[in-house]
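Here the numbering used here is used: the sequence shown runs in plain steps of one and ends on residue 739.
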Amino acid sequence: MSRNREIYLLKITTLTIAFASSILITLFSLNEFGFDRFHKSAGEIFRVLQKNTDEKYSGNRLSVKIPSEVFNKLKGTFYNDSLIVSRVKIMNKVNALVNNKSFYDQKVHAADPEITNIFSFETLDGNMNDFITSDRAAAMISSRVAQSYFGKHHAVGKKIKLYTFNDTVEVRIAAVYKDFPINSHEDFDVFISFNEDAIKNLNFDPKESGIYGRTIKGIPKDYTIGKDHPNSPTIMKYSFQPLPELYFGSRVLGEEARHGDKYSVIILICIAGLILFLSFSTFINLTTITLPYRSKELAIKKLSGTSQANLLYGFYKESFAFVGTSLLIGLLMIVAANDLIASTLNLQVLPLFFTLDVRLVLIISILLFIFTVSPVFMTMRFVKATPNRLLSTDTITFPRLKRMITFFQLGISIFLIIASIVVKRQINYSLVKEPGQNHDQIVYLNPPSGLTNEGIMGLRNGWKKYNPNILDVMAVSQLPDRIVSGEIGSDFYLLQVDPGFKDFFNLRMKEGYWLGPNSGDSVMVINKAGKELIGENQANVIGVVDDLSGLFNQPEKPLKISVAQNANYNWLCVRVLEVDIRRTVTRLSEQFSSEGKISHVKYLNSHFKQWIEYQDRLNKLSGILAIVSGLLSCFAIYGLSVSLVRDKLKEIAIHKLLGARTIHVTYLLVRELVIQMIFALAVFGPIAYILLNELLRTFVFSTKFMWLDPVYPIAYCVFVIVIISGFQAMSLNRANFASALKS
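As structure tokens, this is what we get:
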């Protein structure tokens, strides 16, 4: 045992790292593919999508803001026969007053009573029927919100006052439900009854909302429920999107859902599987190294009358101890790193462990069985051999198997590192897989001092000409989703803008016309809420524009919009394409940064920022897998070098006795391993090139397979081979070559 101590330690280390990484990827994948599946019969739940089919339209064609006329038509046509449907209105920036204590910027959903038959609520306090049958404004809240508002989840009967600007809506809590899991596509914490007057009092438009439903008899996924948008020449189509497909589906206007990328997760699973295979082959290779040195032990046991079955059982127990110990250490490593994993990957591993997911238990059981049983098959030749055969100088070895293991380990090591590099670069560039989805986003930053309207025009024309990823530029006094400056002595909010504001945000005029470059301070444009507030005194008003706050699911503020003076520009907004957006943002930051002061560029859409952070998590996972594959490659090469030294010990002994120095022995080992690597590269190199090129072709905006991609892993493997071979050569200086030649 002492002679093989380093081999046994390497076995446990290799298996521990492999188990920890594979289980982590399994947990991540189960969480990703488990979004919204906690609802009962989740496949029957759907969301209604609206698609703009106008050929001239530019931008995201999908929206979840459905007109009430479509909801009424849908409910009247299908309700009694095959569907249960409910409106769900997202209302942000709502303030809650509870026991004279204010909670600001809350998110509230207004929903019809049918929502209780669509989503699965686990009631902790109260009764859902009270929400359904209540004649007054009722509310359902999650236990998280109940704890925040009242310090306990027993809150039925208590009242909450909701307000935005002026009017207050009082609701009575009918039920408290258990928090939805973290892998819910949206945070649903507060539901109030869908009452049009209450929604209007909170300064929201009840005429459009999201629609969720549940099928009773089953509706095809591509079933179209309507075409013509009421009172609009634009043709709209409405279809059902199954809830389990929402997370991996396209991002949609008006939603606040989380999204993931299924293909990237599958790629990470494949890479994790190859890492597991790499560790498995290393484990087998290390087993072939230790078995010949136990020949005498087996011969003695055979001579003492131990049966073959007992010998196999002994090997099985030993293998189970190694694998079980490694698995336990790997699990403990994941549990110990729970906080780090949660902050890095937004993944809570402890709840996933405690739920005892059948798939997780099955995967761990299969891994434990395969890794435990596979080395036992290697012992069959030793168990069946006679004592004389075991004690002879002709040692039982596995030359063909070792060559195969060397071939696969070196090839897979190179492939894994190349794949990690390519996947990370593609994730950073674009994840769009369907044409027409290269949407744009708005980023904002502090403008340079002294920016004039002429300067803005210069930026707009110059950037659009020399950077195709920049579509437009515009300056404002306040960002449209956080307007706080009000007019003294009135309820109006003031917004001073660049004349290109309307086109920049794709707003439509409801009445009149928009501001021009020569418009002075004396004229203004207002929105619908402003028109209701201003009444008949519209002498300086030249037009009424679309609601701006509704783009962000916020209450509509009464606005007075005028052309800004140069000194009043506080923010520079830039509309950029999503493809390669990180590089575009970096260039913008560099362009406006000065010595000692970095210009920070931020995303206006917080949900797109979450999408970017999700991609960063994929990149971190890809980086972790690259590090793991590199580390396991190092272990694999070390195991191969040990195997090579022991197989060629007599040859090395002769060279040493003839005066060979350490560098010559190192050259001998390096040459053998590099020859094996060249054979592996000849096969796995083209495979990596073909597979990764085919993968990149699935993206609409793809990066290229660069010639440097294979150079790095090859250089890494050669470096590791040289270092480990040198270490092995130096360790042979202490070897007893006389005994090696005798054996």
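Built from N, CA and C at the ideal position, the CB exists for glycine as well.
The structure displayed is predicted, hence computed values, not measured ones.
Counting the other CB atoms within 10 Å of its CB gives Asn306 a total below 16, which places it among the exposed residues. Rounded to whole angstroms, Tyr208 and Ser590 show a C-alpha spacing of 50 Å. Secondary structure note for Ser388: it is in no beta strand (DSSP E), with a DSSP letter that is neither H nor E. For Phe176, no beta strand (DSSP E) segment is defined, and its DSSP state is neither H nor E. 9 Å or more divides the Cβ of Ser25 from the Cβ of Lys398. Measuring C-alpha to C-alpha distances from Arg83 to each of Ala14, Pro63, Ala92 identifies Pro63 as the nearest. Of the residues assessed, Arg43 falls on the buried side of the cut-off, its CB having 16 or more other CB atoms within 10 angstroms. Unbroken alpha helix (DSSP H) stretches of 4 residues or longer found wholly inside the segment 332 to 370: 334 to 341, 345 to 350, given in chain order. Taking Arg168 as reference, the option from Ile188, Val519, Asp183 with the minimal CA-CA separation is Ile188. Pro464 is classed as exposed because its beta carbon has fewer than 16 other beta carbons within 10 Å across all chains shown.
In this structure, DSSP gives Ala107 an extended state, which the three-state scheme calls strand. With contacts defined as CB atoms closer than 9 Å, Leu467 and Asp487 fail to qualify as a contacting pair. Taking a C-beta distance under 9 Å as the contact criterion, Leu45 and Val60 qualify as a contact pair. For the options Lys420, Ile438, Ile594, the alpha carbon positioned closest to that of Phe604 is the one of Ile438. Note on Glu118: under 16 other CB atoms within 10 angstroms of its CB, so exposed under the neighbour-count rule. With fewer than 16 other CB atoms across the displayed protein chains lying within 10 angstroms of its CB, Met702 is exposed. DSSP assignment within the segment 429 to 456 yields the following whole beta strand (DSSP E) runs of 3 residues or more, N-terminal first: 436 to 441. Rounded to the nearest whole angstrom, the CA to CA distance from Ile417 to Val666 is 26 Å. By the CB criterion at 9 Å, Ile414 and Asp705 fall inside the cutoff. According to the DSSP assignment, Phe187 belongs to the beta strand (DSSP E) that extends over 186 to 189.
Here the C-alpha atom of Ser18 lies approximately 7 Å from the C-alpha atom of Gly269. Boundaries of the alpha helix (DSSP H) around Ile410: 395 to 425. About 18 Å separates the beta carbons of Leu364 and Leu308, which is beyond the 8 Å limit, so they are not a contact pair. The count of Cβ pairs closer than 8 Å, one atom from the segment 377 to 392 and one from the segment 659 to 674, stays below three, leaving the stretches out of contact. In the structure shown, Phe311 adopts helical secondary structure according to DSSP, grouped into three states. Within a 10 Å sphere around the beta-carbon of Phe373 sit fewer than 16 other beta-carbons, which makes this residue exposed.
At a cut-off of 3 residues, the continuous stretches assigned as beta strand (DSSP E) that sit fully inside the segment 560 to 590 are 567 to 573. If you keep only unbroken beta strand (DSSP E) runs of at least 3 residues inside the segment 137 to 176, you get 155 to 159, 164 to 173.
Here Ala560 is buried, its C-beta having at least 16 other C-beta atoms within 10 Å. Secondary structure note for Phe273: its alpha helix (DSSP H) is the uninterrupted segment 258 to 286. Taken atom to atom, the span from the alpha-carbon of Ala253 to that of Leu688 is near 31 Å. Using a 10 angstroms sphere on the CB of Gly526, the tally of other CB atoms reaches 16 or more, which defines it as buried.
Inter-residue distance for Asp183 and Ile530 is about 36 Å (C-alpha atoms, whole angstroms). With contacts defined as CB atoms closer than 9 Å, Asn281 and Ala676 fail to qualify as a contacting pair.
Segment contact: the segment 170 to 179 against the segment 104 to 111, fewer than three CB-CB distances shorter than 8 Å; contact not assigned. The Cβ-Cβ distance between Phe500 and Arg571 falls below 9 Å.
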